[in-house]
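K.L.:
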Amino acid sequence: MKLVLAIVNSDDSNVVQTELTKAGFSATKMATTGGFLMAGNTTFMIGADDDKAAEVVGLIKRFSQRRNQVIPSTNDFGTGLYGAFPSEVTVGGATIFVLDVEQFEKA
Ligand code: 2BA
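First residue of the sequence shown? That's 1 in my numbering, and the numbers climb one at a time after it.
(1) Please report the residue range of the beta strand (DSSP E) in which ALA94 lies.
(2) Out of curiosity, what's the CA-to-CA distance linking ILE111 and ALA94?
(3) With a Cβ-Cβ cutoff of 8 Å, do THR33 and ALA27 count as a contact?
(4) On the criterion of 16 or more Cβ atoms from any shown chain inside 10 Å, does SER64 qualify as buried, or is it exposed?
(5) Could you check how far apart the C-beta atoms of PRO86 and VAL70 are, in whole angstroms? I think they sit under 8 Å.
(6) Is the separation between the beta-carbon of LYS106 and that of ALA53 shorter than 8 Å?
(7) Would you kindly check if the distance between the Cβ of GLY47 and the Cβ of PHE104 is under 8 Å?
(8) Along the chain, which unbroken stretches of the alpha helix (DSSP H) at least 4 residues long are found entirely within the segment 20-91?
Written out as structure tokens, the structure reads:
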């Protein structure tokens, strides 16, 4: 069994969740915060059989969009230094980790 951890933009989370459920996968959705932008995002936790993990990853990739996000010049990222102009980073589509599961139980 595999555990897929996927960080997606919160704007995509409903469609990703719907498509995972439609395809018969169980998913847990967590409200998370990106360490760099310090903005909210969504992390999915999906346990899937080994031969189904690629399908999960494919679904998440298909429904997670890449977007540009502007960083305001007032963000100092803890350095104490402020940028003079807003800058832009490309976020997503999704950041995905696939882990081997040692044990899976439902009690
Ligand atoms: P954030 O940490 O808020 O990062 C948002 C976007 O900012 C990133 O998009 C990337 O384009 C940029 N970025 C992040 N760190 C940077 C840095 N040190 N210098 C310059 N630009 C930087 P994504 O790579 O698509 O990541 C989206 C979100 O996925 C991240 O939000 C974070 O929550 C998560 N993430 C990405 N890589 C991760 C990793 N290796 N481990 C854990 N979480 C990760």
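Even glycine gets a Cβ: it sits at the ideal position worked out from N, Cα and C.
A quick note: this is a predicted structure, and the numbers were derived from the prediction, not measured.
P.N.:
Once the coordinates are examined:
(1) Taking the sequence shown and counting its residues from 1, the one referred to as residue 94 is at position 94. Unbroken beta strand (DSSP E) run through ALA94: 94-100.
(2) With the chain running from 1 to 107 in the structure shown, residue 111 is simply not present.
(3) Indexing the sequence shown from 1 puts residue 33 at position 33. Indexing the sequence shown from 1 puts residue 27 at position 27. Cβ atoms of THR33 and ALA27: not closer than 8 Å.
(4) Translated into the one-based positions of the sequence shown, residue 64 becomes position 64. Buried, because 16 or more other Cβ atoms sit within 10 Å of the Cβ of SER64.
(5) Against the sequence shown, residue 86 aligns to sequence position 86. Against the sequence shown, residue 70 aligns to sequence position 70. About 5 Å separates the beta carbons of PRO86 and VAL70, which is inside the 8 Å limit, making them a contact pair.
(6) Here residue 106 corresponds to residue number 106 of the sequence shown, with the count starting at 1. Here residue 53 corresponds to residue number 53 of the sequence shown, with the count starting at 1. Their beta carbons are not under 8 Å apart, which means LYS106 does not touch ALA53 by this criterion.
(7) Residue numbering aside, residue 104 sits at position 104 when the sequence shown is read from its first letter. Residue numbering aside, residue 47 sits at position 47 when the sequence shown is read from its first letter. Yes; because the gap between Cβ atoms is below 8 Å, this pair is in contact.
(8) Restricted to the segment 20-91, the alpha helix (DSSP H) segments that are unbroken, complete and at least 4 residues in length are 53-63, listed in chain order.
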